[in-house]
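Worksheet for the structure shown next.
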Amino acid sequence: MRSRLLDAAAEVFAQRGYAAARLDEIARAAGFTKGAVYSNFASKHALLAELIEQRVSAHLATSAAELQARDRPGRALEDIAEVFADGIVAGPTWARLLVEIAQQAAYDPEVRAVYTEVRRSLRDELAAALERACDRLGRTPAVPPAQLALTMQSLRLGLVLEYGTDPEQVDRDTVVAVFTDALHALVH
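Each step along the sequence shown adds one to the number in the numbering used here, with nothing skipped, and position 105 is 355.
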């Protein structure tokens, strides 16, 4: 039941925005009553917080696992670019949901706390992955790995916005090229 409610919440939040989404809509989309939502989540905030913790974290963990599974030392930066791009173009719902979560985190301290924790964890993992990639390539980042990771996260959020609004022009190949160019510019 919780999983269906989280799936429905992701769809409704992505389609209508967090502020406009109503719990009865989410319940209906999941095939339940509003009471089912309240029996699983104390509030809309709690629902969004769990969505961030479970779904966003799971998506990011999948990306991290995919990156570690690739073993192309000479193409380590390209692998990072491709995994990042695949995460962005996973679908328009995913892109819209990420934008909605980021926007809500800017205004809501409860959402911000959960979102920040997930983002920091990702940044740490990304910094480590970038450091490993540089080591395998025998290259040095122009900035500390943590700063490089923050740069890539910021670029990613911008590309999520671009893909979410213009997926025909900002397609996977374009996103891969942007990430690859940025990484090569920042790693010597």
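C-beta: ideal position from N, C-alpha, C; glycine also.
Rounded C-alpha distance that separates residue i from residue j
i	j	result
Thr-283	Arg-272	12 Å
Tyr-268	Arg-386	42 Å
Ala-383	Ile-338	21 Å
Asp-416	Ser-289	39 Å
Val-393	Asp-257	39 Å
Phe-429	Tyr-365	23 Å
Ser-293	Arg-406	30 Å
Ala-326	Ala-340	21 Å
Ala-451	Val-287	In the structure as shown, the chain starts at 251 and stops at 438, and residue 451 therefore has no counterpart that could be examined.
His-434	Gln-353	30 Å
Gln-419	Gly-285	43 Å
Ala-308	Arg-266	23 Å
Arg-333	Pro-391	According to the sequence shown, residue 333 is Val rather than Arg. Distance between the alpha carbons of Val-333 and Pro-391: 19 Å.
Other residues of its chain near residue i: CB distance less than 8 Å, five sequence neighbours each side excluded
i	result
Asp-329	Leu-317, Arg-320, Arg-322 and Ala-383
Ile-302	Ile-351, Val-361, Val-364, Tyr-365 and Val-368
Other residues of its chain near residue i: CB distance less than 6 Å, five sequence neighbours each side excluded
i	result
His-295	Glu-360
Pro-395	Ala-377, Leu-380 and Glu-381
Whole-angstrom C-beta distance between residue j and residue i, which should lie under 8 Å
i	j	result
Thr-343	Ala-260	7 Å
Ala-356	Gly-414	Rounded, the Cβ-Cβ distance is 16 Å, inconsistent with contact.
Leu-335	Val-425	Note that residue 335 is Ala in the sequence shown here, rather than Leu. Rounded, the Cβ-Cβ distance is 4 Å, consistent with contact.
Arg-254	Gly-281	7 Å
Cut-off 7 Å between Cβ atoms - residues of its own chain near residue i, not counting five sequence neighbours on either side
i	result
Leu-347	Ala-260, Phe-263 and Ala-264
Arg-389	Val-437 and His-438
Ile-422	The displayed chain sequence assigns Arg, not Ile, to residue 422. Here the set comprises Ala-335 and Val-339.
**Message:** List, from N- to C-terminal side, the alpha helix (DSSP H) runs of 4 residues or more that fit wholly inside the segment 261 to 312.
**Reply:** If you keep only unbroken alpha helix (DSSP H) runs of at least 4 residues inside the segment 261 to 312, you get 273 to 280, 284 to 290 and 294 to 300.
**Prompt:** Do three or more CB pairs link the segment 369 to 384 to the segment 393 to 405 at distances below 8 Å?
**Reply:** Segment contact: the segment 369 to 384 against the segment 393 to 405, three or more CB-CB distances shorter than 8 Å; contact assigned.
**Request:** Taking only runs that begin and end inside the segment 386 to 428, name each unbroken alpha helix (DSSP H) of 4 or more residues, in chain order.
**Result:** Here the runs fully enclosed are 395 to 415.
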